[in-house]
Structures are given as structure tokens and as C-alpha cells.
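Worksheet: the structure to be examined is printed underneath.
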Amino acid sequence: MLKGKRVIVTGASTGIGEQMAYHLAHMGSHILVTARTEAKLQKVVARCLELGAASARYMNGSMEDMIFAELVVKKAEELWGSLDMLILNHVGSSYFGFFNSDVGHVQKLLDINFLSYVTMTVAALPMLKKSAGSIVVVSSMAGKVGFPLLVPYSATKFALDGFFSSLRQELVMQNTNVSITLCVLGLIDTENAMKTVSGVFTSPAAPKEECALEIIKGGALRQREVYYEYTSTKFPLLIRDWVPDLLDYLIRRSYNTEKLK
Numbered sequence: 002m003l004k005g006k007r008v009i010v011t012g013a014s015t016g017i018g019e020q021m022a023y024h025l026a027h028m029g030s031h032i033l034v035t036a037r038t039e040a041k042l043q044k045v046v047a048r049c050l051e052l053g054a055a056s057a058r059y060m061n062g063s064m065e066d067m068i069f070a071e072l073v074v075k076k077a078e079e080l081w082g083s084l085d086m087l088i089l090n091h092v093g094s095s096y097f098g099f100f101n102s103d104v105g106h107v108q109k110l111l112d113i114n115f116l117s118y119v120t121m122t123v124a125a126l127p128m129l130k131k132s133a134g135s136i137v138v139v140s141s142m143a144g145k146v147g148f149p150l151l152v153p154y155s156a157t158k159f160a161l162d163g164f165f166s167s168l169r170q171e172l173v174m175q176n177t178n179v180s181i182t183l184c185v186l187g188l189i190d191t192e193n194a195m196k197t198v199s200g201v202f203t204s205p206a207a208p209k210e211e212c213a214l215e216i217i218k219g220g221a222l223r224q225r226e227v228y229y230e231y232t233s234t235k236f237p238l239l240i241r242d243w244v245p246d247l248l249d250y251l252i253r254r255s256y257n258t259e260k261l262k
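Position 251 (the sequence shown) corresponds to 252 in our numbering; numbering is contiguous.
Structure follows, in C-alpha cells:
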């Protein structure tokens, strides 16, 4: 599906991003992975080469730094001369609890979860236009529906939806053959997610390996949106459109509020 294609994957040292790198390696892609922790990235790159990647490189750094975000794209251009797919998956650390009125934290999270996505997209678009490539944006149900205890995180994911859905429209209007796939994810069984919601959020988690593959397939097929796991994402949005108060109630019921006291 993506044999020989040149792909950037951000947030690839653990979780969904790591699994996407391994799937791409199986497919024989050229891969550039990024995250903050160099030691973890080195292990991911080594595993990608074992799995059959055409090539695998890494860059470690913080996406809070927009210069680093640009440099990742420039590195891809230096390595390959072009780019076929940009997978934006990284997120900054946030808390799981009632909004604490910390505006500075919201600003920092917007930089990492939103502005760095915009920065990398702007830097990559010239190459993607030439290759008729794809942008894959990993978002969340929290970017479609308001979830309690996730106020700063949810704000950044709503921002992604607004920006990339609008940009998609403009690319079509300009006859630009670059696809944008927005991935709306429910709860996934990554180590970080499970540790964060343990004992509080009672909905079942979907497997990260399958989630990663569905994201890649959606991008390769140039789908508008990917919903995973389908029943836990698409169906609630149908309820929201018809009976929004009911969905809000069901979401609140899925939290074990006793654990918050």
C-alpha cells in the first residue's frame, strides 16, 4: 500500500505513533519518526529496520519549539527530496481533572497540540503538492464533543478540526491534490491513556495496534475522516446531532466521579 513512500510520523516513540511506524515498516516505507526521548526513538528505528522499512531515521526534540517542527520537515526534504505523507500524532502532557483555570497551560498545550501541527503542515505543503501527498491528523472524540476533565486537551483537538477541515475546503477550491484525513479516536489502550483514566473513565479501550493500522489505511485511501473504534465514535456523534443533552448525560455517566473526590 505504501511501499517506497516517504512518511513522517510524529509522536512515534510510544503508543499509536510507535505502532504506525511498525506498520509502515512492514509496508516497506521510508520513515522519519519524531518524539522527545532519543533512546526510545532509537529502539523504534531499529525495530522498523528489522521489520523491512526501506529506511528509518529519527529526530528528537520538543514540538513546543516551532523551529524544531520546521526542521523535521526540512530533514525529510534533505533525506528524500520530497514527502508523500505527513502523519501528525504528537500531544503534550496535560492533566485529567476539573479545569484549574491555568491559562498558561492551555497556551502551552495549544502550541504543542495545534500550532506545531500548523507549522509542520505549512512547511510540508510545497512537497506534498508536488507528490500529490496526504496529511493525516490524529484527533479525538474530545475534538468533536465536550468531555469533562479534558478541557485544555479538548480545546486543542477542536482547533485541529476547525483548521484542517477548513484547509481541506481551500485545497479543493484551488484544485490542489493533497488529501487531509482527520482521525477521530475513542479511548485507545496506550500506556499513557490507561494510566491517566484508570478507575475514573469506565468505557472499554480499543487496541492501539489496530487503531494505528486504521489510521494508515485511512490516509492511504485519502479518506476525509477515520472513526476508530467505529461504534464508540460515530454512533455517539449521531446521538449528538439529534439529542445532544442525552449524549452529554451518557458521557457524564461514563465517569466514576467517586474517584475524583
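Yeah, the Cβ is synthetic: ideal placement off N, Cα and C, and Gly gets one too. All values reported here derive from a predicted model rather than from experimental measurement.
For M60, list the residues DSSP reports as bridge partners. Residue mapping note: residue 60 aligns to position 59 of the sequence shown, counting from 1. Answer is T35.
Within the continuous beta strand (DSSP E) that includes M28, where are the two ends? Taking the sequence shown and counting its residues from 1, the one referred to as residue 28 is at position 27. Going by DSSP, M28 is part of no beta strand (DSSP E) at all; its letter is neither H nor E.
Please name the residue in T15, A57, F148 whose C-alpha comes closest to that of I9. Residue 9 sits at position 8 when you count from the first residue of the sequence shown. Per the Cα distances, A57.
By a C-beta neighbour count over all protein chains shown, 10 Å radius and 16 as the cutoff for buried, is N101 buried or exposed? Counting from one through the sequence shown, the residue named residue 101 turns up at place 100. Around the beta carbon of N101, fewer than 16 other beta carbons sit within 10 angstroms, so the residue counts as exposed.
So, under 8 Å CB-CB, M121 and V73 are touching, yes? Tell me the CB distance rounded to an integer number of Å. Taking the first residue of the sequence shown as 1, we reach residue 121 at position 120. Taking the first residue of the sequence shown as 1, we reach residue 73 at position 72. For a cut-off of 8 Å, the C-beta gap from M121 to V73 is around 7 Å, short enough to register as a contact.
Do L183 and K162 come within 9 Å of each other at the CB atom, strictly closer than that value? Within the sequence shown, numbered from 1, the residue matching residue 162 stands at position 161. Within the sequence shown, numbered from 1, the residue matching residue 183 stands at position 182. For the record, residue 162 in the displayed sequence is Asp; it is not Lys. Contact flag set, yes.
Can you grab the Cα-Cα spacing for the pair Q175 / K130, in whole Å? Against the sequence shown, residue 175 aligns to sequence position 174. Against the sequence shown, residue 130 aligns to sequence position 129. Here the alpha carbons of K130 and Q175 stand approximately 11 Å from one another.
Where M2 sits in the DSSP three-state scheme: Position 1 of the sequence shown holds residue 2. Coil.
Rank L3, G53, T234 by C-alpha distance to the C-alpha of K145 and give the top, closest one. Taking the first residue of the sequence shown as 1, we reach residue 145 at position 144. When L3, G53, T234 are compared, the shortest CA-CA separation from K145 is found for T234.
When burial is assigned at 16 or more other CB atoms within 10 Å of the CB, is G38 buried or exposed? Here the question's residue 38 lines up with position 37 in the sequence shown. In the sequence under discussion, the amino acid at residue 38 is Thr, which differs from the Gly named in the question. T38 is exposed by the Cβ-count criterion.
Pull up the DSSP beta-bridge partners for I113, would you. Here residue 113 is taken as the residue at index 112 of the sequence shown, counted from 1. For I113, which the question treats as bridged, DSSP gives no partner whatsoever.
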